[in-house]
Amino acid sequence: MDRSDSLPLVGVVALQGAAAEHVAAFRRVGARAVEVRTPADLDGVDAVALPGGESTTMSHLLGTSGLFDALSERLADGLPAFGTCAGMILLAAEVLDGRPDQRCFGAIDISVRRNAFGRQVASFEADLATDGLDEPFHAVFIRAPWVERTGDGVEVLAEIRPVVNSSGTGKPALVPVLCRSGPILVSSFHPELTVDDRIHRIFLAMVGASRDH
Ligand code: GLN
45 MDRSDSLPLV GVVALQGAAA EHVAAFRRVG ARAVEVRTPA DLDGVDAVAL PGGESTTMSH
105 LLGTSGLFDA LSERLADGLP AFGTCAGMIL LAAEVLDGRP DQRCFGAIDI SVRRNAFGRQ
165 VASFEADLAT DGLDEPFHAV FIRAPWVERT GDGVEVLAEI RPVVNSSGTG KPALVPVLCR
225 SGPILVSSFH PELTVDDRIH RIFLAMVGAS RDH
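Residue numbers (this note's numbering): 45 to 257.
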C-alpha cells in the first residue's frame, strides 16, 4: 500500500470561512486534507473540520449544498469532527443568540452563545492553560462563542474568565472554550490562524484512536 494512503484524510468544510488555513495545518501535522463542498466530497474522509467564519451563512450553505444531511449521517455514525468558532457553533446541540433559521448538528452536548464576549472585546488573544499541553496555547478569538452548558461526558480542556459576561454585568465566571466529547473537539478560538499546531495534533490523535477502534 502507498504509505500516503495510510495517513488519515481530513475533509475541511469549505463553503465559507477559514478553510484553507485548516487544510495547511493538517498537512503540516502529517495528515492528508481535502476541501469539502458537496456530499460526494465526504467519500473516504476519516474526519472533518468545520472552520471559523459565519455560522448563519454556513448553516444556509450546508442546506443548499446537501451537505447538512450527508454530514449529519456521517456524524451519527461516529465520524470525528473538529469545529473552530463558527464550526463549534455548528457542531453544538443548542445555539443561544442564533438566528431562528440557523441549524446545528447536535454532535456534542453543549449550549453555545454566539458573539458572547461582547462588542468591545469582539477580538482578542489570550494564553490558555490547556489540558494535555505542557505550555499554554496562544489563542486568537474573533467574535467568538463561548460554552454556557456542558452535558454529561463533555470534557472541558480549556476555559477563560471573560472581561464581560453575556449580559454585560455581574461577576464573570470561567467559561469553557475548548471541549471534547467522544470523537468531537470544539474550540471558541482559531487554532488554524496561528503557527502552533498542538491542537490539530490533539485532534489527529483522536482520529487515530477512532480508526483503531
Ligand atoms: N460570530 C461568528 C458566528 O456566529 C463566529 C465567528 C468566527 O468564526 N470567527 O458564526
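The beta-carbon is built from N, C-alpha and C at its ideal position, and this holds for glycine as well.
Residue i CB to nearest heavy atom of the ligand GLN below 7 Å
{"i": "Gly162", "result": "no"}
{"i": "Thr238", "result": "no"}
{"i": "Glu98", "result": "yes"}
{"i": "Cys129", "result": "yes"}
{"i": "Arg31", "result": "The requested residue 31 is not part of the displayed model; the chain covers only 45 to 257."}
{"i": "Arg147", "result": "no"}
{"i": "Ile152", "result": "no"}
{"i": "Pro205", "result": "Checking the displayed sequence, the identity of residue 205 turns out to be Arg instead of Pro. For the ligand GLN, not one heavy atom lies less than 7 Å from the Cβ of Arg205."}
{"i": "Arg187", "result": "yes"}
{"i": "Ile133", "result": "yes"}
{"i": "Arg193", "result": "no"}
{"i": "Arg255", "result": "no"}
{"i": "Pro158", "result": "Per the sequence shown, the amino acid found at residue 158 is Arg instead of Pro. Yes; taking the cut-off as 7 Å, the Cβ of Arg158 has a heavy atom of the ligand GLN nearer than that."}
Expected contact under 8 Å - CB spacing of residue i and residue j to nearest Å
{"i": "Ala188", "j": "Phe161", "result": "6 Å"}
{"i": "Asp175", "j": "Leu201", "result": "4 Å"}
{"i": "Gln60", "j": "Ser103", "result": "That pair is no contact at about 10 Å."}
{"i": "Glu192", "j": "His66", "result": "Glu192 to His66, Cβ: 25 Å. No contact."}
{"i": "Ile186", "j": "Gly96", "result": "7 Å"}
{"i": "Ala77", "j": "Val54", "result": "5 Å"}
{"i": "Thr194", "j": "Ile154", "result": "5 Å"}
Distance CB(residue i)-CB(residue j) smaller than 8 Å
{"i": "Phe124", "j": "Pro206", "result": "The residue asked about is misnamed: residue 124 is Pro in this sequence, not Phe. Cβ distance not < 8 Å, so Pro124 and Pro206 don't count as in contact."}
{"i": "Asp178", "j": "Ala69", "result": "no"}
{"i": "Trp190", "j": "Val139", "result": "no"}
{"i": "Val71", "j": "Thr100", "result": "The amino acid occupying residue 71 in the given sequence is Arg; Val does not appear at that position. For Arg71 and Thr100, no; Cβs fall outside 8 Å."}
{"i": "Gly197", "j": "Ser225", "result": "yes"}
{"i": "Val184", "j": "Glu203", "result": "no"}
{"i": "Pro52", "j": "Leu172", "result": "no"}
{"i": "Gly110", "j": "Pro83", "result": "yes"}
{"i": "Val230", "j": "Ile152", "result": "yes"}
{"i": "Ala58", "j": "Arg81", "result": "yes"}
{"i": "Ala120", "j": "His234", "result": "no"}
{"i": "Arg245", "j": "Val73", "result": "yes"}
Status (buried if at least 16 other CB within 10 Å, exposed otherwise) for residue i
{"i": "Ser167", "result": "exposed"}
{"i": "Met45", "result": "In this prediction, Met45 scores a pLDDT of 44, lower than 50, which makes its location untrustworthy; no coordinate-derived value is stated."}
{"i": "Pro220", "result": "buried"}
{"i": "Asp85", "result": "buried"}
{"i": "Ser232", "result": "buried"}
{"i": "Leu94", "result": "buried"}
{"i": "Arg255", "result": "exposed"}
{"i": "Ala217", "result": "exposed"}
{"i": "Val56", "result": "buried"}
Neighbour flag for residue i against chain C, beta carbons, 8 Å
{"i": "Phe70", "result": "The structure shown contains no chain C; it holds only a single protein chain."}
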